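For the sequence shown, the positions run 1 to 533 when full-length UniProt numbering is used. Notes follow once the structure below has been shown.
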Amino acid sequence: MIRAPGRPRLARDRRAVHRPAPPGAPRPRGPVRAAVVGGGIAGLTAAVGLAERGVRVELLEREPVLGGRVGGWGTTLTDGTDVTMSRGFHAFFRQYYNLRNLLRRADPTLSMLTPLPDYPLQHADGARDRFAHIPRTPPWSVLAFAATSPTFTAAGLAGLNARAALPLLDVHPTDVYHRLDRRSAAEFLDAVRFPEPARHLAFEVFSRSFFADPRELSAAELALMFHIYFLGSAEGLLFDVPTEPFPTALWDPLAAHLDRLGARVRTHRRVERVAPRDDGGFELTVTGPSTELVTEGYDAVVLALDGGGLRTLTAASPDLGSPGWRKRVENLRTAPPFCVSRYWFDRPVADRRPGFLGTSGYGPLDNVSVLDRYEGEAARWARRTGGSVVELHAYAVDPAADRTGVQERLRRELARVYPETAGAVAVDERHAWRQDCPLFAPGGYEDRPGVRTPHPRLVLAGDLVRTGAPVALMERAATTGFEAANALLATWRVRGHPLLTVPRAGRSVLLRSLARALSPATARHSAPDLPRP
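Listed below in structure tokens is the structure:
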């Protein structure tokens with residue numbers, strides 16, 4: 001890792017890959033104006049990246065709040081307390097270098113984040129895995145996990161197909177898609193023959209973090225996740241969480257940073273149409289709070305939308321892109337719906353309960369968060385009332401399922417996980433259903449759109465966007481946000497922003513060589529370099 005003198009160390013992993021900022025002038029020669037459509041992580045990152053180089057930025061967000069899928073909104077409980085509801089728990093892993101670097105713009109010390117002491121995974125049969133005392137650096141992390149996990153028994157390991165597991169030792173962020181993308185995560189795990197308890201407790205928890213059933217998720221995405229969090233990075237599996245609700249801790253301070261840079265953040269703005277101009281710029285038709293249409297011109301545009309929003313906007317913009325590019329956008333798929341249920345209970349959860357627990361075998365329940373363990377707003381309510389604030393997640397719910405029934409089942413399963421909640425009375429409750437996460441189905445990587453588009457000054461950003469960097473989830477959103485900004489800045493010959501990622505290959509040359517030597521020849525492809533934005 002390369003680090004500028006006097007700057008805080010952004011990565012503990014000495015093998016983290018630093019990608020220097022593309023060279024150029026400090027600022028554009030004349031005034032240029034860019035629109036960033038979408039105020040989630042990707043849009044905020046792109047807006048910051050452009051505004052810091054002197055571009056006049058307008059960020060247009062259709063919702064009243066920023067943060068996208070990591071946003072939050074106000075609500076009032078029946079006891080009169082004003083609180084913040086959100087779409088659910090998010091883990092800020094230590095290898096989310098570019099996201100954390102974005103947040104440092106508003107808080108250089110990242111004091112808005114606090115570490116959770118452990119990240120336990122619990123199966124309904126009683127097995128439980130923990131990560132608090134596992135070494136961070138591979139291969140010791142893997143060996144220690146297997147040695148301490150109750151799910152990796154001698155009998156189970158004896159049946160392991162080690163040869164089928166070799167691709168996990170030789171993950172490259174683009175080559176892995178050539179090798180594994182046409183297989184589902186479930187098929188890959190079947191071939192490896194991991195012990196069944198380990199498969200359910202560890203690997204499928206990773207899979208469902210993509211809001212997808214393992215049968216509907218690309219094996220390449222699962223392998224890349226395993227590389228990012230376990231075999232490729234020395235940052236470990238522990239993570240941080242915000243000390244206050246997302247708007248207070250993250251997005252309000254970042255919006256203030258954008259304001260200081262001269263950018264305009266405009267919520268309640270829905271972009272209805274994007275039309276290319278002959279001079280390379282664009283006309284955007286926007287609906288504001290008064291619902292009247294306004295058309296404004298921009299020199300460049302970043303589209304940082306979810307899949308549904310991008311498909312809708314592209315369909316309404318017939319002159320945008322090429323037929324092939326439009327087809328890629330049209331083919332973007334959305335993951336099944338998920339539910340977030342939050343309860344304000346009249347009594348506390350037992351002190352020994354962790355702030356976050358991943359679960360398996362409890363029906364639709366995928367994890368439990370005890371918010372008053374780490375979030376200030378929830379902790380203040382719990383101290384004042386003697387209660388607790390608990391959040392339940394159900395991922396990849398059958399679209400035909402009865403939603404009220406799912407919510408009731410989640411509540412019953414919580415009582416199985418934490419029996420002391422069985423008699424708890426809900427002072428209030430909120431249930432949020434969403435279906436807007438990208439689905440990375442088998443065989444879909446080649447058709448996924450990248451940051452660049454047929455228009456040099458129209459770029460995409462978001463966790464649905466293809467990139468050559470080894471990133472996923474929130475970190476993919478932040479990384480492509482910086483890549484989108486860099487791509488536009490390059491058109492004005494302006495210096496871009498550096499990027500930092502986990503290693504782009506397995507850490508052991510010996511293990512990588514072994515994986516290449518024993519893998520079927522048809523599965524091996526050359527690995528292209530990380531594309532420059």
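C-beta: ideal position from N, C-alpha, C; glycine also. Here the structure is a predicted model, which is why all the values come from computation and not from measurement.
Simplified DSSP assignment, three categories, for residue 68: helix
Per the contact definition of three or more C-beta pairs closer than 8 Å, is the stretch 159-172 in contact with the stretch 222-242? Judged by Cβ distances under 8 Å, the stretch 222-242 makes contact with the stretch 159-172, as three or more pairs qualify.
Under DSSP, the beta strand (DSSP E) around residue 82 begins and ends at which residues? That run of the beta strand (DSSP E) goes 82-86.
Could you spell out the range, first to last residue, of the beta strand (DSSP E) harbouring residue 367? Looking at the DSSP string, the run of the beta strand (DSSP E) that includes residue 367 is 367-370.
Leaving out the 5 sequence neighbours to the left and right, which residues in its chain are closer than 6 Å to residue 485 when beta-carbon positions are compared? 46, 49, 50
Among 112, 315, 253, 194, which residue has its Cα nearest to the Cα of residue 243? 112
In the DSSP output, what is residue 122 paired with across the bridge? 128, 359
First and last residue of the beta strand (DSSP E) that includes residue 297? Residue 297 -> beta strand (DSSP E) spans 293-298.
How is residue 335 classed by DSSP in three states: helix, strand or coil? coil
Nearest-angstrom Cα distance between residue 284 and residue 296? 5 Å
Inter-stretch contact (C-beta, 8 Å, three-pair minimum) for the stretch 446-456 and the stretch 189-200: no
State the start and end residues of the unbroken alpha helix (DSSP H) segment that holds residue 145. 140-148
In the DSSP assignment, the alpha helix (DSSP H) including residue 188 goes from what residue to what residue? Note, residue 188: alpha helix (DSSP H), 185-192.
Within this structure, are the beta carbons of residue 433 and residue 411 separated by less than 8 Å? no
Residue 11 (DSSP reduced to helix, strand or coil): coil
Taking residue 309 as the reference, give the member of 150, 22, 435 with the closest Cα. 435
Would you kindly work out how many angstroms separate the C-alpha atoms of residue 78 and residue 177, rounded to a whole number? 50 Å
Please determine, among 480, 150, 139, 137, the residue with the shortest C-alpha to C-alpha distance to residue 127. 150
Quick one: measure Cβ to Cβ for residue 299 and residue 33, integer angstroms, because I've assumed they're closer than 8 Å. Contact flag correct, Cβ pair sits at about 5 Å.
So, is residue 492 buried or exposed, given that buried needs 16 or more other C-beta atoms within 10 angstroms? buried
What did DSSP end up calling residue 312 once you bin it into helix, strand or coil? helix
Would you call residue 292 buried or exposed, if buried means 16 or more other Cβ atoms sit within 10 Å of its Cβ? exposed
Closest residue to residue 38 among 303, 245, 236, 227 (Cα-Cα distance): 303
Residue 177 - DSSP class collapsed to helix/strand/coil: helix
Residue 217: which of 195, 406, 188, 328 sits nearest, CA to CA? 188
Terminal residues of the continuous alpha helix (DSSP H) containing residue 323? 323-330
Cα-Cα, which of 423, 345, 437, 517 is closest to residue 389? Shortest Cα-Cα distance from residue 389 to any of 423, 345, 437, 517 involves 345.
Beta carbon of residue 342, beta carbon of residue 430: below 8 Å? Against a cut-off of 8 Å, the Cβ pair of residue 430 and residue 342 comes out as a contact.
Rounded to whole angstroms, what is the Cα-Cα separation between residue 382 and residue 406? So the two alpha carbons sit approximately 26 Å from each other.
Between which two residues does the beta strand (DSSP E) containing residue 428 stretch? 426-434
With burial defined as no fewer than 16 other Cβ atoms inside 10 Å of the residue's Cβ, what is the status of residue 384: buried or exposed? exposed
Whole angstroms is fine: what's the gap from residue 96's alpha carbon to residue 29's? 33 Å
Would you check if there are 3 or more beta carbon pairs closer than 8 Å linking the stretch 360-375 to the stretch 473-481? In this structure the stretch 360-375 does not lie against the stretch 473-481, because fewer than three pairs of beta carbons, one per stretch, are closer than 8 Å.
Check whether the Cβ of residue 81 sits closer than 7 Å to any heavy atom of the ligand NAP, and report yes or no. Summarising the ligand content, the structure contains no ligands, and the ligand NAP is consequently not present.
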